[in-house]
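A.B. asks:
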Amino acid sequence: MSIFSDFLSNKWEKVKSVGKALLKSFNPFLDNEYKNSSLEDRGRFESEIQRVANDNTLDHEYRMEAKRALVKIESFRHAEELARIEGTTKITIAHIEATRDVVLAKIDILKTNIVGCRKKEVALIDAIGQSPELVDKFLNILDSTSLEIKESESNLTTYSHELTTLINISKSNARGIQLLPEPSTATKKKRTRVRTRAKRTVV
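Each residue of the sequence shown is one higher than the last, beginning at 1 in full-length UniProt numbering.
1. Going by CA-CA distance only, name the one from Val52, Pro28 and Ala53 that's closest to Arg42.
2. Using 10 angstroms around the beta-carbon of Lys90, count the other beta-carbons present and answer buried if the total reaches 16, otherwise exposed.
3. So Ala53 and Phe26 are supposed to be a Cβ contact under 8 Å. How far apart are they, rounded?
4. What residue from Ala94, Phe4 and His95 has the CA that sits closest to Glu48's CA?
5. Between which two residues does the alpha helix (DSSP H) containing Ile49 stretch?
6. Mind checking whether residue 225 and Glu33 have CB atoms under 8 Å apart?
7. Which two residues bound the contiguous alpha helix (DSSP H) that contains Ile82?
8. If you run the structure through DSSP and keep just helix, strand and coil, what is Phe4?
9. Would you decide whether Ser75 is buried or exposed? Buried here means 16 or more other CB atoms lie within 10 Å of its CB.
10. Within this structure, are the beta carbons of Ile96 and Ala83 separated by less than 8 Å?
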């Protein structure tokens, strides 16, 4: 039984007891019950995960897994919409690839706004605050910014909680957590060019 089935069967209390493992295993691209469910049921499911992600009384890692699950749902929703535009209900690798390209394009826009700012960590949080699903990809691509964030970890002020959260997500990614498929060779080359431009621009 999937995490989605547990929720719909009013077994969310059971899910909470092993929440981290279940949320980590959740994959909307592979969960047929989730894919075939109604929009109403999906909304209820997502709202409950959002509640877990925002509950500061819960274990930090549990909340991080909930946030990652929300990112997966966002990615699936975008790929599903691309398929619908083409008149099909089947999500293909091409749709997933296109979803990643959109995310990378948004990251480029955010990067342009952040490079050159005196307080990059503040700009990073302000920008990503509008699009939480970009956190993982953003920190993976902005090598220089990510390093500066880590260096300032011991000297945080107003944004200490948010910044620490981003750092923890970044460290989790370094251990191999991935939300989207590995980029194609063309995307990797594009990413390398983006990094090169960023390093030349930073003062």
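Ideal Cβ placement from N, Cα and C applies to all residues, glycine included.
C.D. replies: On the basis of the coordinates in this document:
1. Here residue 42 refers to the residue found at position 42 of the sequence shown. Among Val52, Pro28 and Ala53, the Cα nearest to that of Arg42 is on Pro28.
2. The sequence position of residue 90 within the sequence shown is 90, counting from 1. Label assigned to Lys90: exposed.
3. Start at 1 with the first residue of the sequence shown, and residue 53 comes out as number 53. Start at 1 with the first residue of the sequence shown, and residue 26 comes out as number 26. Their Cβ separation, rounded to whole angstroms, is 13 Å, which puts Ala53 and Phe26 out of contact at 8 Å.
4. Locating residue 48 in the sequence shown gives position 48, counting from the first residue. Taking only the C-alpha atoms, the option nearest Glu48 is Phe4.
5. Counting from one through the sequence shown, the residue named residue 49 turns up at place 49. That run of the alpha helix (DSSP H) goes Leu39 to Asn54.
6. The first residue shown for the chain is 1 and the last is 203, placing residue 225 beyond what the model contains.
7. The residue labelled residue 82 in the question sits at position 82 within the sequence shown. One point to set straight first is that residue 82 is Leu, not Ile, in the sequence displayed. From DSSP, the alpha helix (DSSP H) with Leu82 extends over His60 to Ile85.
8. For the purposes of this step, residue 4 is taken as residue 4 along the sequence shown, with counting starting at 1. Here Phe4 sits in helix by DSSP.
9. Stepping through the sequence shown from its first residue, residue 75 is reached at position 75. Buried.
10. Locating residue 96 in the sequence shown gives position 96, where the first residue counts as 1. Locating residue 83 in the sequence shown gives position 83, where the first residue counts as 1. Not closer than 8 Å, so no.
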